[in-house]
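Take a look at the structure below.
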Amino acid sequence: MKRPPKAAKTARKTRPQFFVYVLGCLTRNRHLTYVGWTNDLELRLARHNDGTGARSTRGHIWILLHSERHRSKEAAMSREWHLKRDRKFRKQLANAWASTGRGSSPI
């Protein structure tokens, strides 16, 4: 009796991906930014916006201004550290976002 052929492996093992992101929001006529890292960008943004994210992001509606993909957690954390100290870059992102006419609305 013949055995049925084994199902082809369609799902490849994928390497975990890590993201560094910059969020922006407008509050009291001021643009705020927040830098973080995650392995699930969409879920993390949703958490920030539903009030279960980082304490400093609660009470605001955030939009994604910038994201970068990294292959390791360590690389993402290192880049996060550098972005948190690069105020000029974050200010440029916020100003670019504001100049598109969306500065008054997070959507």
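Heads up: the sequence shown at position 4 corresponds to 4 in our numbering, and the numbers run straight through without jumps.
Note that beta-carbon positions come from the ideal geometry of N, C-alpha and C, so glycine has one too.
Rounded to the nearest angstrom, what separates residue i and residue j at their Cα positions?
i, j, result
"R90", "E74", "21 Å"
"G59", "G53", "10 Å"
"R28", "A94", "15 Å"
Quick one: grab the DSSP three-state call for residue i.
i, result
"T52", "coil"
"W62", "coil"
"R71", "coil"
"R79", "helix"
Looking only at its chain, what residues have a beta carbon closer than 7 Å to the beta carbon of residue i, apart from the 5 residues adjacent to it on each side?
i, result
"K84", "V35"
Please classify residue i as buried or exposed, where buried requires at least 16 neighbouring CB atoms within 10 angstroms.
i, result
"R15", "exposed"
"A76", "buried"
Can you check whether the CB of residue j is closer than 8 Å to the CB of residue i?
i, j, result
"R79", "H66", "no"
Going along the chain, which residues of its own chain have a beta-carbon closer than 8 Å to the beta-carbon of residue i, five neighbours each way excluded?
i, result
"V20", "V35, G36, W37, S67, E68, H70, A76, R79, E80, L83"
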